[in-house]
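When the count follows the working numbering, it moves up by one through the sequence shown with no breaks and lands on 876 for the last residue. In what follows, a single structure is set out as structure tokens and then discussed.
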Amino acid sequence: MASGSIFTFDTDPQRVSSPWLAPEDSGRKSNSDNGQLQPGHLSDYGVTKLEAEPQEGPTEYKLHLLLRPRRTYTAMSTISSHQNSRIPASRSKIATAALSASSQSRQVRLQQLTTQLLWRLQQSCAYHALNPKDLIIPKLPDDTDDLSQAMTPQKPLPGLEESRGALYEIGVADDGTLVGLTKDEMDESITTLKVMAATLGCRVEILRHVIVGECEWLETSELVDSVATQPAQIARQARLWVVEALVTPDYSMKNGHPDGSAEGRREVKESPRATESVVQPSRGRSTTDQLRITLTGPTTSGKSTLLGTLSTGTVDNGRGKSRISLFKHRHEVASGLTSSVAQELIGYKDRAIFNYSQDHVESWIDIHDSAENGRLVFVSDSAGHPRYRRTILRGLFGWAPQWTILCLAADDTDASSTKDGASSTANDVLGVAGAGVDLAKAHLELCLKLKTPLAIVITKMDLATKASLHRILGQLLTHIKAVGRVPKILQPAQGSVQEWTAVPSADLDKVKAVTTEMDRDGDLLKFVPIILTSAVSGAGIGMTHALLESLPLPPVPTANDYVGMALNPEQPSCLFHIDDTFSLPASYASLAENPDQNDMGTVVSGYLRFGQLSVGDSIIVGPFPSGEDDFKGMTPEDRASPGNYGLSISHPSSAELAKIAIRNTVAASTIQGEWHKAKIVSIRNLRLPVNTLEAGQVGTIGIVLEMPQEKSAEAAFETPLAAPRIRKGMVLAIPSKHMADTGMSLQAASGLTVSFRDPNTASLAYGSLVNVYVGSVRAAARVKGVSKLALRNGSNKAKPEETEDIFDMNEHDEPAPTYDLEFSGGVQVTLELLTSREWVEMGSQILVLEGGRNDRSGLEGFVGTVVEIVD
């Protein structure tokens with residue numbers, strides 16, 4: 006099972022290394038002279054035998070690749086008696102294999118050889134996306150000598166774009182003995198290899214042509230003398246050759262077709278900007294509906310276990326067995342506490358459920374294929390312990406979920422504390438300081454503050470009592486109704502189910518009744534579905550699948566969602582929020598085109614806020630600190646910053662650290678923001694290689710920065726500047742036409758003005774440090790002002806009250822003014838960002854958490870809207 010991240014790769018796939026070369030000769034590619042391949046001799050390499058074929062890795066030894074029986078030789082110098090001491094005990098087996106005829110049919114043998122090539126190519130590939138059973142082998146022509154029709158390369162198969170290639174040593178036995186082939190048989194073998202490679206969208210390059218010996222055979226002549234009764238046997242002699250061939254994805258193909266045909270152009274007509282030097286994936290875009298969901302809730306509420314059961318189709322054993330596949334770190338397995346964000350993909354189509362319980366599903370690619378034109382549900386599992394508050398908020402903000410599912414345990418913590426799978430109390434989680442803290446209430450209140458549709462799943466029903474269930478449902482209904490929302494309790498069918506291959510029709514009907522009401526009302530925030538489940542008994546799991554398949558999708562996001570149709574000259578035409586970065590080549594295509602390049606590019610993951618991105622697009626990335634401000638703008642990974650300490654509730658003295666942070670902070674306004682140009686070289690949508698990413702979709706994008714040249718005073722030539730490091734919170738964007746025409750650059754915010762409806766926001770003190778979460782940005786900020794908006798003299802217009810500043814913080818000792826009784830629901834807070842500038846979208850939702858407060862849950866913050874940006 007693949008789990009853990011939307012970007013699951015082998016970070017160090019095996020390298021392609023020739024067995025002919027010693028490590029110190031790795032730079033020597035082939036026996037060529039000025040680009041022309043020259044025959045070599047064994048004496049040139051000082052070897053008489055190669056090391057045995059590795060069982061794993063991208064190197065394959067083949068005696069031959071003929072699709073016909075081999076001729077019979079009378080003598081071969083490579084297996085003659087004088088080399089007995091150098092040939093192992095299996096010499097007779099090698100000779101027999103070398104001289105034996107291929108008894109299999111040509112088509113079956115080609116199928117086996119091509120599957121073997123695919124496996125070798127995948128050994129040097131970061132992600133194995135294709136199942137061998139999905140291969141389509143071309144039908145061979147009847148003429149055994151004509152395979153040219155089958156040598157036209159197809160489109161590269163999904164996942165092979167990143168392969169570094171595979172080496173084929175033709176004419177070599179498995180133990181490394183250099184047996185060799187005659188020229189005609191070698192030519193046929195290379196033709197077969199080209200057919201195999203073309204099937205996978207690859208090309209073949211001959212790296213080495215080595216003479217290893219000589220051979221003899223008898224050839225029957227034609228009867229030209231009528232007196233002769235028997236054909237004459239003519240002895241023939243020839244050299245024996247060994248060839249080393251490199252098979253790599255065909256990066257020169259255009260639109261998936263080597264000739265750039267109209268068929269290929271039609272398939273990717275939505276991206277005319279793609280260039281020939283960029284690998285084109287086998288799909289233009291994913292057209293399947295995609296729903297993005299985050300699971301949240303207090304620690305030990307069963308989030309990971311629920312997701313494990315939904316994604317694997319197996320019930321839990323009461324001790325978290327089904328969640329093990331989601332954990333990334335050893336300490337998570339040992340403690341049972343999630344500390345990182347893990348993701349899984351579940352597919353639905355015509356009530357069928359596609360997850361890892363299906364025999365044909367081995368990867369997310371299989372789920373894409375099975376659920377095509379149905380629905381894909383991308384579920385993120387986040388932490389719940391207050392110690393991992395950043396991970397909790399990253400799940401709620403960083404991935405911009407379209408729905409949030411809050412998991413709350415139904416068990417009575419006092420009565421079930423000794424049972425397997427029992428939930429932890431606040432005292433268990435926070436110690437003595439947890440007295441009186443209600444973690445479930447803190448999560449619920451935060452979810453109700455956010456402008457994200459909410460559903461609630463009550464877990465651990467197998468441990469619940471009537472009293473505990475009555476208590477938690479009573480609290481839920483009270484809080485939901487208090488904010489004007491309507492709870493909808495969905496009762497699952499009686500009895501438990503141990504296997505889920507399809508959504509139960511009875512459960513689907515109940516869910517459809519609620520979702521139909523949502524569609525009719527048009528407000529996804531109004532209704533809150535509530536489901537009762539148990540991952541141990543399986544109760545409610547079918548209902549949860551029905552909910553995931555049926556939840557309404559929000560409209561496709563646009564650039565005008567937050568601010569309406571008002572003109573915003575700094576709004577780009579396309580925007581991608583970066584949530585994570587990876588130290589992997591952006592595309593092996595770019596490496597193949599320029600093997601000597603120093604910049605291997607970067608792979609970033611996140612979601613496309615609006616617009617459309619395609620392979621080959623020219624984009625801008627940022628904001629970066631300017632060169633002279635590099636130290637000022639260092640991120641928490643480089644140097645300590647207020648975002649990295651002083652505001653964490655897990656530290657024993659956050660107030661003391663906040664004072665330290667004040668002395669070390671640098672206002673973002675003192676740092677110049679810069680944007681760099683880049684080019685997109687690869688895109689994956691939920692691990693599926695695609696050409697285009699659509700608005701609202703999650704994906705990973707490989708980019709290569711276009712750095713300007715700099716000329717050193719001591720150097721005679723210009724050298725490219727070192728690429729700056731991309732970090733979380735940055736964005737990829739395509740400037741709008743207006744920006745391009747006027748030369749306007751994207752803003753890099755150093756300060757914000759935020760509007761809040763919660764009157765308690767006015768308690769923020771001037772000069773205090775806060776953490777802000779907006780989009781994929783988590784940043785430290787300083788409060789520069791707080792204003793209240795009030796209604797006076799019966800006016801319908803809200804007027805700002807005086808802003809607190811450092812000179813009058815302690816001057817007002819009189820009681821609060823009476824206008825609080827006529828409060829209009831508005832508080833405006835001015836924030837100054839610290840350590841780095843950020844790209845913040847006008848009208849976006851923001852969460853402000855104050856440092857040093859007596860908030861043991863870590864989630865008691867203020868949710869507002871960005872109404873002004875200071876560049």
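Idealized CB from N, CA, C, for every residue including glycine. Remember, predicted model here, so these are calculated numbers, not experimental data.
What's the C-alpha gap between residue i and residue j?
i	j	result
H550	V508	6 angstroms
R297	S110	49 angstroms
V759	C452	19 angstroms
D528	A785	33 angstroms
G877	G543	Because the chain in this structure spans residues 6 to 876, residue 877 falls outside the shown range and cannot be described.
V519	R525	10 angstroms
V791	N776	16 angstroms
K517	P559	16 angstroms
L223	T77	8 angstroms
G772	T835	11 angstroms
L769	E450	19 angstroms
G704	L698	7 angstroms
K454	N765	13 angstroms
K742	G489	42 angstroms
L864	D443	11 angstroms
P25	R392	First, the residue type needs correcting, since residue 25 is Trp and not Pro in the sequence shown. Cα to Cα, the separation comes out at about 54 angstroms.
R73	I688	42 angstroms
A460	S555	12 angstroms
P577	L751	7 angstroms
T197	A754	59 angstroms
Does the separation of the CB atoms of residue i and residue j fall below 7 angstroms?
i	j	result
V113	G176	no
V21	S129	yes
I211	S226	no
E61	D179	no
Y66	L398	no
L118	M201	yes
V872	G756	no
F615	P557	no
G848	Y567	yes
G545	P497	yes
V709	K682	no
P63	A171	yes
On the criterion of 16 or more Cβ atoms from any shown chain inside 10 Å, does residue i qualify as buried, or is it exposed?
i	result
Y620	Position check: residue 620 holds Val in this sequence, whereas Tyr was assumed. The residue is buried, with at least 16 neighbouring Cβ atoms inside 10 Å.
S862	buried
D294	exposed
D321	buried
R169	buried
T483	exposed
S387	buried
R290	buried
A700	buried
E249	buried
P303	buried
K531	exposed
S510	exposed
E166	buried
P236	exposed
N378	exposed
G479	exposed
D900	The question about residue 900 has no answer here: the residues shown for the chain are numbered 6 through 876.
Excluding the 5 residues flanking residue i on each side, which residues of the same chain have their C-beta closer than 6 angstroms to its C-beta?
i	result
K465	G307, A414, A415 and D416
A469	A415 and D416
R692	W369
V462	I410, C412, I536 and T538
K789	T835 and E837
Does the ligand FAD have even one heavy atom less than 6 angstroms from the beta-carbon of residue i?
i	result
N776	In the structure shown, the ligand FAD is absent, as is every other ligand, since no ligand is present at all.
Take residue i and list the residues in its own chain whose beta-carbon comes closer than 7 angstroms to its own, dropping the five residues that flank it on each side.
i	result
T83	L183, V184, G185, V217, G218 and L245
G400	T299, T301, V346, S385 and S387
Excluding sequence positions up to five away, which residues of its chain have a Cβ less than 8 angstroms from the Cβ of residue i?
i	result
T506	G318, A357, I358, S362 and Q363
| said: Would you call the segment 358 to 374 in contact with the segment 839 to 846, where contact means no fewer than 3 C-beta pairs closer than 8 angstroms? | reply: The count of Cβ pairs closer than 8 angstroms, one atom from the segment 358 to 374 and one from the segment 839 to 846, stays below three, leaving the stretches out of contact.
| Inter-stretch contact at 8 angstroms, needing at least 3 Cβ pairs: the segment 302 to 311 / the segment 352 to 359 | At 8 angstroms Cβ cutoff, the stretches do not touch.
| Would the segment 47 to 54 and the segment 200 to 211 be scored as touching if the rule is three or more Cβ pairs under 8 angstroms? | Under the 8 angstroms Cβ criterion, the segment 47 to 54 does not count as touching the segment 200 to 211, having fewer than three qualifying pairs.
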